[in-house]
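Colleague: Chains as they are written, first to last, in this note's numbering: chain U, 99 to 210; chain L, 12 to 128.
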């Protein structure tokens with residue numbers, strides 16, 4: 099079935115260190131989206147990647163979509179304590195009628 | 012951005028009772044809404060796609076008769092957990108897509124935390 103693998107499951111970093119989470123699908127994706135969920139909260143949309151090889155930046159966050167549109171990554175430069183939360187990729191498959199399939203998420207802990 | 016609300020935000024019920032959760036799009040119309048379930052420290056699992064004016068589409072393994080979905084208007088979808096049991100305790104979240112403009116953004120409701128005693 100349609101699924102997307104996300105690693106790592108957890109990441110502990112010191113404030114100021116970088117952080118990366120990866121998502122991978124065996125099937126070509128229509129697009130991939132990234133969400134952040136704070137503890138006790140709901141997922142908040144960060145970005146959508148549509149084009150092959152696309153790279154988007156939001157301040158310290160860099161999002162990439164692979165050339166084959168099967169993998170994606172989120173990289174945070176110089177993490178801050180405000181970056182704490184769980185980051186989910188969510189894949190939209192062709193013919194999926196806007197249905198999102200979420201990765202398992204990467205929980206980020208930032209130690210001051 | 013677009014706003015999606017959910018009601019109630021939390022509910023505690025006795026085993027065997029039914030619970031209704033509402034999902035509303037406040038400033039846009041949503042012909043489609045999605046219902047997810049999230050267990051503690053786990054990812055969001057899509058349960059069903061709610062379609063305005065027609066039957067919901069359920070994901071594999073989700074019991075249609077247990078999780079009743081009604082999408083009676085362009086701004087409201089409801090999920091009813093029938094004959095709830097403790098294993099149904101979870102965080103239920105709805106979302107609605109806002110299409111067009113080059114981005115198919117999903118806006119999520121704040122979630123409903125269900126505890127079944």
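A virtual CB, placed ideally from N, CA and C, is assigned to each residue, including glycine. Source: prediction; values computed, not measured.
#1: Does the beta-carbon of residue 50(L) have 16 or more other beta-carbons within 10 angstroms, so that it is buried, or is it exposed?
#2: Consider the Cβ of residue 143(U): report whether some Cβ of chain L lies at a distance smaller than 7 Å.
#3: Please confirm whether residue 183(U) has its beta-carbon closer than 7 Å to some beta-carbon of chain L.
#4: In three-state terms, what does DSSP make of residue 97(L)?
#5: With DSSP as the reference, label residue 180(U) as helix, strand or coil.
#6: Using a Cβ-based criterion (distance less than 6 Å to any ligand heavy atom), does residue 90(L) qualify as near the ligand ATP?
#7: What in chain L is Cβ-close to residue 203(U), meaning under 7 Å?
#8: Is DSSP giving residue 14(L) helix, strand or coil here?
#9: To the nearest angstrom, report how far apart residue 173(U) and residue 102(U) are at their CA atoms.
#10: Just reading off the beta strand (DSSP E) that residue 124(L) is part of, what are its end residues?
#11: Which residue from 118(U), 146(U), 104(U) and 156(U) puts its Cα closest to that of residue 53(L)?
#12: Quick check: is the beta carbon of residue 122(U) nearer than 7 Å to any beta carbon in chain L?
#13: Can you pull the chain L residues whose beta carbon is under 8 Å from the beta carbon of residue 186(U), in chain order?
#14: Looking at residue 104(L): is its Cβ nearer than 7 Å to the Cβ of residue 110(U)?
#15: Answer with yes or no whether the minimum CB distance from residue 121(L) to chain U is below 7 Å.
Modeller: To lay it out plainly:
#1: It counts as exposed.
#2: Chain L places a beta carbon closer than 7 Å to that of residue 143(U), counting this residue as a contact.
#3: Cβ-Cβ to chain L under 7 Å: no for residue 183(U).
#4: The DSSP-derived three-state label of residue 97(L) is helix.
#5: DSSP, reduced to helix, strand and coil, places residue 180(U) within a helical segment of the structure shown.
#6: Absence of the ligand ATP from the depicted structure is noted, as is the absence of any ligand whatsoever, leaving it without description.
#7: The contacting residues are 54.
#8: In this structure, residue 14(L) counts as coil in the three-state DSSP scheme.
#9: For residue 173(U) and residue 102(U), the distance between alpha carbons rounds to 18 Å.
#10: Element bounds for residue 124(L): 123-127.
#11: Put simply, of 118(U), 146(U), 104(U) and 156(U) the residue whose alpha carbon is nearest the alpha carbon of residue 53(L) is 104(U).
#12: Judged by the 7 Å Cβ criterion, residue 122(U) is not in contact with chain L.
#13: Within 8 Å Cβ-Cβ: 54 and 55.
#14: No, these two residues do not count as a Cβ contact at 7 Å.
#15: Yes - at least one Cβ of chain U is within 7 Å of the one on residue 121(L).
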